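What follows is a single structure, written as structure tokens, with notes after it.
Residue numbers (this note's numbering): 1113 to 1629.
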């Protein structure tokens, strides 16, 4: 028996290693040609320049407005400090997170099922994730990584009776709260559901020290986040953090940034229709899991398996809320990792329902693998960035990525640097913070972005006053005609104190008016 058991353990270990190497291989094939391609003047510029502001001693939320918790900026700032301040460094962080997420999905699924199904859960995460975001390590993906780590360690603690791992899970829960607070809340509620469900299981599989595990998790989270909250409170950032992270999303964001849930359109291309179907996939999986749980409860059969699927269902459903307000592919993809795990577990239940017939199990698994592979191939064009035009390297100390106009852009940035002394500011509106980062010149205001309806006239007036107190040496306005509708006083300020010297497509460049004689 010992020999058989040892052989089974070795076989499982080999299968795990094969699956891990397969996932890493797929990720590298997808990422290496792409992770330094393209440039995002908005969100990527916001992350990069906010990290620079942190390196300069500024405090997020107090010194500049952000809709993301502060930790992502400190992660990027730490990377800049260690490896140099450049977009290449930022993409390196993104590549690391991209490799980590499928492995964590696999690790969590392995706590619940066998290697083959765990691989099936992790495989979609290699495509439906960071590739759509140009491999930029946005706060949402840092937060997903921390949430996955928290769940992984908590599951290991409760399913294998290793209480000390719950403390580590608490640390990553606190990190998730400081990276993406809504995801952290969903994860915390889901772990609470798991603990509560395990407490009422009807067999002997309940962990002996479940209460201790839960308390260790709370201790890890509280001890990790308390110093940060004290620091933010002492330095005056906490009130603004509450306004920007709690009040603003509840009162403004859902009105100004909501997108309707997509519907199938026969005129759309096949990949676009497949992407639309993907919006309904989590709902289908959640309905199946709910129906299975209901019939188990009716039969009064609630054991550890049912507790685990209750957790996975709650986690998937809560994460899916992120795609309800703003229903685009970017917001859908960030909801999917828990759904992949729930789908793998539901597939396990389906296989178990076929009984001991090995042929049926192989046939069903083959059909599922072929179907998943075909579907991923269909959505590939809309999930992978087009790198065919990104052939020119952005040859700047802050660059290191490839774009379709890298040489001209580098010349433009150097021209700005020659015209604007290092001690002067520039202003790039409504949302091109990448100018600050590439040109290595500061933003004179607390706002790194403007969005129709997000700021009030009072906010616009405050921005103008901040700009006047630190007059920018150049102003960049993009889509000026649109800005004149939702921020007319800012456009008037630019026209009154500055004059247009150049236009590049939608971009207008303004220099200060000469002093009056």
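Every residue, glycine too, gets a C-beta built ideally from N, C-alpha and C.
This structure is a prediction, so every number in the text was calculated from the model and none was measured.
What are the boundary residues of the alpha helix (DSSP H) that includes residue 1572? That run of the alpha helix (DSSP H) goes 1569-1581.
Tell me the DSSP bridge mates of residue 1614? Residue pairing by DSSP puts residue 1614 in a beta bridge opposite 1621.
Supposed close pair residue 1366, residue 1447 - CB separation, criterion 8 Å: 16 Å between Cβ atoms; not a contact.
Residues that residue 1505 bridges to, as DSSP identifies them: Beta-bridge analysis with DSSP links residue 1505 to 1514.
What runs of the alpha helix (DSSP H), each 4 residues or longer, lie entirely inside the segment 1369-1416? DSSP runs (the alpha helix (DSSP H)) wholly in the segment 1369-1416: 1382-1410.
Pick out the complete alpha helix (DSSP H) segments inside the segment 1285-1315, 4 residues or longer, and give them in chain order. Annotation note: the segment 1285-1315 contains the following uninterrupted alpha helix (DSSP H) runs of length 4 or greater, listed N- to C-terminal: 1293-1311.
Following the continuous beta strand (DSSP E) through residue 1589, name the residue where it begins and the one where it ends. Annotation for residue 1589: the continuous beta strand (DSSP E) segment containing it runs 1584-1590.
Distance between residue 1129 and residue 1115 (C-alpha atoms, nearest Å): Note that residue 1115 has pLDDT 48, beneath the 50 cutoff, so the model's placement of it is unreliable and the number below is only indicative. Straight-line measurement puts the Cα of residue 1129 at about 21 Å from the Cα of residue 1115.
Can you look up residue 1554 in the DSSP assignment and give me helix, strand or coil? In the displayed model, residue 1554 falls within a strand according to three-state DSSP.
Does the contact criterion of 3 or more C-beta pairs under 8 Å hold for the segment 1507-1519 versus the segment 1196-1208? Yes, they touch.
By the 10 Å Cβ neighbour count, where 16 or more other Cβ atoms means buried, how is residue 1412 classified, buried or exposed? So residue 1412 counts as exposed.
Buried or exposed for residue 1392, please, with buried defined as at least 16 other CB atoms from any protein chain shown within 10 angstroms of its CB. By the beta-carbon neighbour count (other beta carbons within 10 angstroms, threshold 16), residue 1392 is exposed.
Residue 1123: which of 1258, 1191 and 1226 sits nearest, CA to CA? Ranking the options by Cα distance to residue 1123, first place goes to 1226.
Just to confirm before moving on: does the CB-CB distance between residue 1618 and residue 1591 stay below 8 Å? In contact: residue 1618 and residue 1591 (Cβ atoms closer than 8 Å).
Against chain C, does residue 1484 count as a neighbour if the rule is that its beta carbon must be under 8 Å from one of theirs? The structure shown contains no chain C; it holds only a single protein chain.
Sub-8 Å separation of residue 1238 and residue 1139 beta-carbons: The answer is yes: Cβ separation under 8 Å.
Got a sec? Which residues, its chain only, sit under 7 Å from residue 1525 by beta carbon, not counting five neighbours each side? The beta carbon of residue 1525 sits closer than 7 Å to the beta carbons of 1508, 1550 and 1551 from its chain, once the five residues preceding and following it are set aside; these are given in chain order.
Tell me whether residue 1515 is buried or exposed, calling it buried when 16 or more other Cβ atoms sit within 10 Å of its Cβ. By the neighbour-count rule (16 or more Cβ atoms within 10 Å), residue 1515 is buried.
Under 8 Å between the Cβ atoms of residue 1455 and residue 1233? For the 8 Å CB-CB criterion, residue 1455 and residue 1233 form a contact.
Mind checking which residues open and close the beta strand (DSSP E) that includes residue 1540? Residue 1540 -> beta strand (DSSP E) spans 1537-1541.
Classify residue 1492 as helix, strand or coil using the three-state DSSP reduction. Reduced to three states, the DSSP call for residue 1492 is helix.
Here's the rule: buried if 16 or more other CB atoms are within 10 angstroms of the residue's CB, otherwise exposed. What is residue 1432? Residue 1432 is buried by the Cβ-count criterion.
When you compare each of 1625, 1162 and 1173 to residue 1360 by their alpha carbons, which one comes out closest? Among 1625, 1162 and 1173, the Cα nearest to that of residue 1360 belongs to 1173.
On the DSSP bridge assignment, give the partners of residue 1149 in chain order. Per DSSP, 1514.
In terms of residues, what are the limits of the alpha helix (DSSP H) holding residue 1561? Per DSSP, residue 1561 belongs to no alpha helix (DSSP H) and is neither H nor E.
DSSP puts residue 1438 in a beta bridge; with which residues? Residue pairing by DSSP places residue 1438 opposite 1371 in a beta bridge.
Can you check which of these residues, 1302, 1370 and 1369, is closest to residue 1429 by C-alpha distance? Nearest option by C-alpha distance: 1302.
Classification of residue 1566 by the beta-carbon crowding that lies within 10 angstroms, buried from 16 upward: Buried is the call here.
Taking residue 1622 and residue 1589 to be in contact with their CB atoms under 8 Å, please state how far apart those CB atoms are, rounded to whole angstroms. Right, the Cβ-Cβ distance comes to about 7 Å (below 8 Å), so this counts as a contact.
Is DSSP giving residue 1113 helix, strand or coil here? Per-residue confidence for residue 1113 stands at a pLDDT of 43, beneath the threshold of 50, marking its modelled position as unreliable; no derived number is given.
Helix, strand or coil at residue 1319 [DSSP, three-state]: In this structure, residue 1319 counts as coil in the three-state DSSP scheme.
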